[in-house]
Amino acid sequence: MSVVNNVSRRVLLHSKNLVLSTRCVSSSTNLKEVLEQKVPETQADVKEFRKQHGSKVVGEVQVDMMYGGMRGIKGLVTETSVLDPDEGIRFRGYTIPECQEKLPKAPGGAEPLPEGLFWLLVTGDIPTEDQVKALSNEWAKRAAIPSHVVQMLNNFPTTLHPMSQFSAAIVALNSESKFAEAYSKGVHKSKYWEFAYEDGMNLIAKLPTVAATIYRNLYREGSSVCPINTDLDWSANFSAMLGYDDKDFVDLLRLYLFLHSDHEGGNVSAHATHLIGSALSDPYLSFAGGMNGLAGPLHGLANQEVLVWISKLRETLGGDVSDDQLKEFIWNTLQSGQVVPGFGHAVLRKTDPRYVAQREFALKHMPEDPLFKLTSQLYKVVPDILLKQGKAKNPWPNVDAHSGVILWHYGLTEMNYYTVMFGVSRALGTMASLIWDRALGFPLERPKSMSTEGLKKLVGAS
Ligand code: CMX
577 MSVVNNVSRR
587 VLLHSKNLVL
597 STRCVSSSTN
607 LKEVLEQKVP
617 ETQADVKEFR
627 KQHGSKVVGE
637 VQVDMMYGGM
647 RGIKGLVTET
657 SVLDPDEGIR
667 FRGYTIPECQ
677 EKLPKAPGGA
687 EPLPEGLFWL
697 LVTGDIPTED
707 QVKALSNEWA
717 KRAAIPSHVV
727 QMLNNFPTTL
737 HPMSQFSAAI
747 VALNSESKFA
757 EAYSKGVHKS
767 KYWEFAYEDG
777 MNLIAKLPTV
787 AATIYRNLYR
797 EGSSVCPINT
807 DLDWSANFSA
817 MLGYDDKDFV
827 DLLRLYLFLH
837 SDHEGGNVSA
847 HATHLIGSAL
857 SDPYLSFAGG
867 MNGLAGPLHG
877 LANQEVLVWI
887 SKLRETLGGD
897 VSDDQLKEFI
907 WNTLQSGQVV
917 PGFGHAVLRK
927 TDPRYVAQRE
937 FALKHMPEDP
947 LFKLTSQLYK
957 VVPDILLKQG
967 KAKNPWPNVD
977 AHSGVILWHY
987 GLTEMNYYTV
997 MFGVSRALGT
1007 MASLIWDRAL
1017 GFPLERPKSM
1027 STEGLKKLVG
1037 AS
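Listed below in structure tokens is the structure:
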């Protein structure tokens, strides 16, 4: 009965918010004006580049690449970030430590604001504090979600995985799509990017509200999310809606949402979003597709799997674990045909700098945490075993090896929820890219596929 009351209260609150938010959305950020200058410049640059060099060869495709997940095939243009196998990610040319140094921070905060990273991803420029503040404010004003989405979330069974709820809610948010509306009215294609921008901004703004609603429904007995505070940044509002007020947790969230945002264009969530967007499906539908990919255990769900695996490890071996016990447990995992979650990468060949950044946060804030100590022990032990096994091309930890352990420290122990947080962050990179996809007029994506028989004929094997 109290759940029913909570539900109806929340629907009311959200319906009110929606009305409020549509009334007060004004362009308090000048991001769109900045883009209005950059888009024609970049369009002209790309046009000229293609005119001069459009027929140059940039690589070759081997048969193994076609059967091997297209590793190494250069087939996509993504402006926002580039991943070097040995160095890691650069966002518009800046490494993670450079972003941590240069991007604006919240008053009293030590970590970069994800708003600043979004600005960088979209424009290529480091924003000023005022530009970031205006973006926080803009997202706060756009954060309300329509009542039909709240109702849908409230009606889901608690057994439905949080990522399924997240994806379904994003699909349902397409009732708000400015892109779909403009397209149906016959808008000229030169204007597509402007509507992709509006949808991207709204989607990013609304995701914490969606994510927090899921969290409270599943883990806080359906209690209402608190109202958005337009004086707070995106992560601080997300934290408050989740129900966490520790200032270190808020800073962790800023770091987390910054780190998980973008990893060039070929990863499953970014690529799926881009691919679906190429059919001119609106940004909500495109991003929901990306989230369904993120929900796979070899991609974003690995952050949940790491904690599931660590929990099993602790159940089996207890709290204090020797290196030898750990080694045996890892070999058992491998021998039973499973992967060690949080280790390996399709592109990286060194420890993921996103792992390093989280490790540094942990060393500063929670050096004595038992789970963190176990994570450090795994860092010491797992790579040698993966090397001995001789299969994984990269034995080093990735972003997912660390994230759950830090969330756990602050009391966010609901591991099935972790990928939703990854998803909130991934909107920054995918939406920045989608704006440019439409600005640069990228066409429907449609690579050539072949049958094994056709391929055999092509290479003279039959
Ligand atoms: N544990 C056990 N085996 C592993 C492994 C790991 N952590 N990483 C790779 N391998 C195995 C692969 O399963 C593959 O085995 P088969 O030959 O039997 O198929 C072999 O080593 C070669 O794989 P690879 O070329 O090194 O890696 P891929 O590019 O195919 O896959 C990845 C990359 C991430 C899917 C893989 O390393 C993996 O499964 N890791 C564990 C899951 C994980 O942490 N995923 C998160 C990645 C980051 C993210 O996207 O969020």
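The sequence shown begins at 577 in this note's numbering and counts up by one.
Ideal Cβ placement from N, Cα and C applies to all residues, glycine included.
In the DSSP assignment, R925 falls outside any beta strand (DSSP E), carrying neither H nor E. Between E1021 and S854 a beta carbon distance of about 4 Å is seen, short of the 8 Å cut, so the two are scored as contacting.
The alpha-carbon of E636 is positioned some 34 Å away from that of P673. Counting along the chain, R666 sits inside the beta strand (DSSP E) bounded by residues G664 to F667. When secondary structure is reduced to three states using DSSP, V884 falls in the helix class.
Distance from the CA atom of N843 to the CA atom of P1023, rounded to whole angstroms, is 17 Å.
By the neighbour-count definition (other C-beta atoms within 10 Å, threshold 16), G987 is an exposed residue. Nearest Cα to K926 within the set R647, D662 and I721: D662. Looking at H836, G865, G980 and F948, the one whose alpha-carbon comes closest to that of L697 is H836. Going by beta carbons, V996 and F742 fall inside the 8 Å limit. Annotation for L659: no alpha helix (DSSP H) segment contains it, though the beta strand (DSSP E) segment containing it runs S657 to D660. In the DSSP annotation of this structure, the continuous segment of the alpha helix (DSSP H) that includes D706 starts and ends at E705 to K717. Going by beta carbons, T671 and P929 fall inside the 8 Å limit. The bridge partners DSSP lists for F919 are P973. Note on L679: 16 or more other CB atoms within 10 angstroms of its CB, so buried under the neighbour-count rule. Taking the Cβ of R647 as the reference point, at least one heavy atom of the ligand CMX falls within a distance shorter than 7 Å. For the options H921, S898 and P859, the alpha carbon positioned closest to that of G876 is the one of H921.
Comparing C-alpha distances from P683 to each of E705, Q914, V763 and P733 shows the shortest one belongs to E705. A748 and V726 do not touch by the CB rule: their CB atoms are close to 10 Å apart, not below 8 Å. For S723, the closest of A745, N778, E714 and P733 by C-alpha to C-alpha distance is A745.
Between the alpha carbons of A710 and T605 lies a distance of about 5 Å.
Residue state for P959 is assigned as helix, using DSSP reduced to three classes.
Contact annotation: M991 and P859 have beta-carbon atoms that are not nearer than 8 Å. Per the DSSP secondary-structure output, K681 pairs in a beta bridge with P688. By DSSP's assignment, Y670 forms a beta bridge with F667. Distances from the CA of S912 to each of G1036, S979 and E904 were compared; the closest alpha carbon is that of E904. With contacts defined as CB atoms closer than 8 Å, S979 and P690 fail to qualify as a contacting pair. Taking each of M641, K614, E624 and S1009 in turn and checking the Cα distance to A848, the smallest one comes out for S1009. When secondary structure is reduced to three states using DSSP, C675 falls in the helix class.
Counting only the Cα atoms, L1031 lies some 34 Å from K623. Around Y773, the same chain offers K608, L611 and I1011 as residues with beta carbons nearer than 7 Å, after the five sequence neighbours per side are excluded. With 16 or more other CB atoms across the displayed protein chains lying within 10 angstroms of its CB, L870 is buried. Contact annotation: L924 and G664 have beta-carbon atoms nearer than 8 Å. N992 sits in a helix when the DSSP states are folded into three classes. L874 sits exposed, since fewer than 16 C-beta atoms from the chains shown fall within 10 Å of its C-beta.
Pairing L1004 with L779 gives a Cβ-Cβ distance that is not under 8 Å.
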